[in-house]
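Everything on this sheet refers to the single structure shown next.
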Amino acid sequence: DDALFELGNSYIKENQEAIGLETYNRLIKDYPGSTLVPRALLRQGLVFYNSNKNELALSKFKTVVRDYPNSQEAIQAVATAKLIYVDTGQVSEFARWVEGLDFVEVSDTELDNASYESAEKQNLQGKKEAAIKGYENYIRDFPNGLHAINANFKLAQLYFAKGDKDKALPAYTFVADSGASEYSEQALTRVCEIYIGNKNYTSALPFLQRLESIADIPQNRTFAQSNLMKGYYEQKNYDQTIAYAEKVLETENIDDRIKSDAQIMIARSAIATGNEERAEMAYAEVLKIASGGLAAEALYYDAYFKQEAGSFEQSNNSVQKLARDYAAYKEWGGKGLIIMAKNYYALDDAYQATYILESVIANFGDYDQIVADAKGELAIIKSKEAQRNSSIVPEGN
24 DDALFELGNS YIKENQEAIG LETYNRLIKD YPGSTLVPRA LLRQGLVFYN SNKNELALSK
84 FKTVVRDYPN SQEAIQAVAT AKLIYVDTGQ VSEFARWVEG LDFVEVSDTE LDNASYESAE
144 KQNLQGKKEA AIKGYENYIR DFPNGLHAIN ANFKLAQLYF AKGDKDKALP AYTFVADSGA
204 SEYSEQALTR VCEIYIGNKN YTSALPFLQR LESIADIPQN RTFAQSNLMK GYYEQKNYDQ
264 TIAYAEKVLE TENIDDRIKS DAQIMIARSA IATGNEERAE MAYAEVLKIA SGGLAAEALY
324 YDAYFKQEAG SFEQSNNSVQ KLARDYAAYK EWGGKGLIIM AKNYYALDDA YQATYILESV
384 IANFGDYDQI VADAKGELAI IKSKEAQRNS SIVPEGN
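The sequence shown begins at 24 in this note's numbering and counts up one residue at a time.
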């Protein structure tokens, strides 16, 4: 048996694995009572393991454990089998197997580490779906384990990368709620992004407040403040909206888009609270830097404030610019035309005012409020004109 064992070892060293394995088989068959049988079985398992034949390797290791418990070979067989289970993401199966072995004690800490290591291996090898399964298994088996923060963060990143943000959210939230860690800021930012993307500012606000307070990266702090501003506006908390808009505007080197967002929040909040002086100043700032819909809105209010100041012709110029340069923003254009009609009536041109309002009623059917406002203004003009005409009564009638 010694000779066969050494011969088998020689064949394996010379990369003649098939002959080597067969030589071990002869030893096992011809000398079943030999102390070298468990070593031969273990060697066979190791050869299969090194050739990535994991199922064959496990079969050999389990034979050693079953038939030769408490032996050094059995202990080594368990240790190598563990590597296979880790490599294949089956640590739970390993745990169930060793639970029934009297001669091996595997601690919770060892299983915790093995389960996390298994998921990490899949991730590092680019096996994303296997890594997701591995991290999920780890979190299921060790919800408050040694690597719970890392596992949740990496699972969240994998889900986020594949666009599955609803599944990423609870994992990011776990990290965000787990105290200070290297991933806290990034996790908080992601939680906020996902809630904001779902238009759920109510849920986003407490996370945005925490992000503002802990952010080391200036862009993340600005992101938090600008979205706190929008969230408070959505909740009609106009004082907080303005407070955060002012914080955003104090930030150095922010781009015009963020500046115009802040100014528009100040302007709208001021309009909502009846502070037209503040609104006029803010809309003037928006007009300097904004484009698209925000510029159309600012230009409408430019016309509105000029009308309020009695500058009717200048107000009309702003409406004409709005119609010419921002025709795509029909709602603001329609509201602007109503201002223009009021301006013409104030300039004693009832005919032009009436013509514009009738045109708005005919052409803005998709905008119920604009049509209703135009009809209201038209009724006022017709009523005033009727009174004016009836007061001019020719003599003799």
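Heads up, the beta-carbon is just placed ideally off N, CA and C, and yes, glycines get one too.
- Query: Considering Ile403, what are the terminal residues of the alpha helix (DSSP H) in which it resides?
  - Reply: In the sequence shown, counting from the first residue as 1, residue 403 sits at position 380. Note, Ile403: alpha helix (DSSP H), 391-414.
- Task: Pick out the complete alpha helix (DSSP H) segments inside the region 166-225, 4 residues or longer, and give them in chain order.
- Result: 171-184, 188-199, 207-220
- Mind checking Gly419: buried by the 16 CB within 10 Å criterion, or exposed? As a working note, residue 419 is residue 396 in the sequence shown. Residue placement at Gly419 cannot be trusted, given a pLDDT of 46 that sits under 50; the coordinates are not used to answer.
- Query: For the alpha helix (DSSP H) that contains Pro241, what are its first and last residues?
  - Reply: Taking the sequence shown and counting its residues from 1, the one referred to as residue 241 is at position 218. Run containing Pro241: 241-257, per the alpha helix (DSSP H) assignment.
- Item | Euclidean distance between Cα positions of Val121 and Glu128 | Along the sequence shown, one-based indexing puts residue 121 at 98. Along the sequence shown, one-based indexing puts residue 128 at 105. When rounded, the distance between both Cα atoms is 8 Å.
- Item | Alpha-carbon to alpha-carbon, Leu380 and Leu360 | Sequence index remark: in the sequence shown, residue 360 carries index 337 (1-based). Sequence index remark: in the sequence shown, residue 380 carries index 357 (1-based). Cα to Cα, the separation comes out at about 8 Å.
- Query: Is it buried or exposed for Asp325, if we count other Cβ within 10 angstroms and need 16 for buried?
  - Reply: The residue given as residue 325 occupies position 302 in the sequence shown. Buried, since its Cβ has 16 or more Cβ neighbours within 10 Å.
- Item | Gly419 in three-state terms, based on DSSP | Residue 419 sits at position 396 when you count from the first residue of the sequence shown. Because the pLDDT at Gly419 is just 46, under 50, the model does not fix this residue reliably, and the point stays unresolved.
- Message: Does Glu303 pass the burial test, meaning 16 or more other C-beta atoms within 10 Å, or should it be called exposed?
- Response: Position 280 of the sequence shown, counted from the start, is the residue given in the question as residue 303. So Glu303 counts as buried.
- Task: Quick one: using the 10 Å Cβ neighbour count with 16 as the cut-off for buried, is Gly168 buried or exposed?
- Result: Translated into the one-based positions of the sequence shown, residue 168 becomes position 145. That one is buried.
- Task: Please look up how many angstroms separate the CB atoms of Pro92 and Phe126, rounded, as I've assumed it's under 8 Å.
- Result: Against the sequence shown, residue 92 aligns to sequence position 69. Against the sequence shown, residue 126 aligns to sequence position 103. Sure, about 5 Å apart at Cβ, within 8 Å.
- Can you have a look at Ile107 and say buried or exposed, based on whether 16 or more other CB atoms are within 10 angstroms of its CB? Taking the first residue of the sequence shown as position 1, residue 107 is located at position 84. Flag for Ile107 reads buried.
- Should Tyr11 be labelled buried (16 or more other beta-carbon atoms within 10 Å of its own) or exposed? The structure shown does not extend to residue 11, since the chain is modelled only from 24 to 420, so the question has no answer here.
- Query: Where does Ala332 fall in DSSP's three states?
  - Reply: Here residue 332 refers to the residue found at position 309 when the sequence shown is read from its first residue. Ala332: coil per DSSP, three-state reduction.
- Which term fits Asp262, buried or exposed, when burial requires 16 or more other beta carbons within 10 angstroms of its beta carbon? As a first step, residue 262 must be located in the sequence shown, where it is residue number 239. Burial call: exposed.
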